[in-house]
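A.B. asks:
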Amino acid sequence: KSFDYAQSTQFQQGGLGNYGPPTDLINPFPNGESTSASNFTYRVALSYHFTDQVQAYGSIATGFKSGGFNGSFLSADPNQATIQLKPVKPEDVTAYEVGEKATLFDRHLVLDAALFYNAYRNEQVFAYLLSTIILNGRPVPISALVLGNAPASHTEGAEFQITAVPFDGLTIDLEPAILRTRMDDGRFAGGFNLTGNELANAPKFT
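Numbering (our numbering), first residue to last: -6 to 199.
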């Protein structure tokens, strides 16, 4: 992937409709920037049937998400802009899972359960950069939303499926799940640190 960027900004000064001259923001990559990545992924799984109705399994799998660039509007803070223009590293995950599947009472009851642990390296996470610039002699707080990489994070939890058919025409289905997440190393470029935080969009119970 390659990336080229140019941006200028005009600030309103002295009342509505009055703008100062365009200001080009500092671009640390005037000749553009590029990034490339390759990856080998795999999945290994084993299962054992205790009976025709009950089995256990375990698996290890890897995943890969390519890197890229933030784009969008750059911050008026040159330090934030520099971080925004840096390439986002690829994300890797190793997923571990063990579980069981059981079909009982002539298929009238299904009991499935799984425990999982996902270890991420350079997980791509959106985070806010906070800073202050001086505008017309006054400090003005600004923020920038940046897609960056958390060096290490993980998710872990359990999922269950209970399906019962007590008689023809009635099906009862229950699928609870428990999830825990953590940034084990949340030190991002630019010096901000989210270590110990939970990941976004990760409900503890569903």
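Backbone N, C-alpha and C define an ideal beta-carbon position, used for all residues, glycine too. Remember, it's a predicted structure, so these values are computed and weren't measured experimentally.
Mind pulling the beta strand (DSSP E) runs of 3 or more residues that sit fully within the stretch 5 to 83?
C.D. replies: Positions of the beta strand (DSSP E) runs, each at least 3 residues long and wholly inside the stretch 5 to 83, are given as 36 to 42 and 47 to 58 in order along the chain.
A.B. asks: Would T96 and V103 qualify as a contact pair, given that the criterion is a beta-carbon distance under 8 angstroms?
C.D. replies: Taking 8 angstroms as the cut-off, the Cβ atoms of T96 and V103 count as close.
A.B. asks: Judging by CA-CA distance, which residue of Y121, G150 and L108 is the nearest neighbour of S68?
C.D. replies: For the residues Y121, G150 and L108, the minimum Cα distance to S68 belongs to Y121.
A.B. asks: Starting from T87, follow its DSSP beta bridges and name the residues at the other end.
C.D. replies: T55 and A112
A.B. asks: Out of S59, A38, S(-5) and T55, state which residue places its alpha-carbon closest to the alpha-carbon of A49.
C.D. replies: The residue among S59, A38, S(-5) and T55 with its C-alpha nearest the C-alpha of A49 is A38.
A.B. asks: Does the Cβ-Cβ distance between A145 and D166 come in under 8 angstroms?
C.D. replies: no
A.B. asks: Do T28 and P71 come within 8 angstroms of each other at the CB atom, strictly closer than that value?
C.D. replies: no
A.B. asks: Go ahead and pull the three-state DSSP assignment for Y(-2).
C.D. replies: coil
A.B. asks: If distances are taken between C-alpha atoms only, which option among N142, H101 and R173 comes closest to F109?
C.D. replies: R173
A.B. asks: Helix, strand or coil for Q3, going by three-state DSSP, please let me know.
C.D. replies: It is coil, neither helix nor strand.
A.B. asks: Span of the beta strand (DSSP E) holding T188?
C.D. replies: Here T188 belongs to no beta strand (DSSP E), and DSSP marks it neither H nor E.
A.B. asks: Evaluate the contact criterion for the stretch 111 to 119 versus the stretch 140 to 158: three or more CB pairs, one atom per stretch, below 8 angstroms.
C.D. replies: Three or more pairs of CB atoms, one per stretch, sit closer than 8 angstroms, so the stretch 111 to 119 contacts the stretch 140 to 158.
A.B. asks: Express the C-alpha separation of E149 and K191 in angstroms, rounding to a whole number.
C.D. replies: First, the amino acid is wrong: residue 191 is Glu here, not Lys. About 12 angstroms.
A.B. asks: As a quick exercise: from G92, Q5 and F153, pick the residue whose alpha carbon is nearest that of I53.
C.D. replies: G92
A.B. asks: Which whole-angstrom value describes the C-beta separation of F153 and D105, a residue pair presumed to lie in contact below a C-beta threshold of 8 angstroms?
C.D. replies: 7 angstroms
A.B. asks: Judging by CA-CA distance, which residue of G51, G130 and L140 is the nearest neighbour of A88?
C.D. replies: G51
A.B. asks: Classify P15 as buried or exposed, calling it buried when 16 or more other Cβ atoms lie within 10 Å of its own Cβ.
C.D. replies: exposed
A.B. asks: Rank S124, G184 and A170 by C-alpha distance to the C-alpha of A195 and give the top, closest one.
C.D. replies: A170
A.B. asks: If F119 sits next to P83, beta carbons under 8 angstroms apart, how far is it from one beta carbon to the other, in whole angstroms?
C.D. replies: That belief does not hold up - the Cβ atoms of F119 and P83 are roughly 16 angstroms apart, past 8 angstroms.
A.B. asks: For E26, which option in G7, G64 and T55 has the closest C-alpha, if you only look at C-alpha atoms?
C.D. replies: G64
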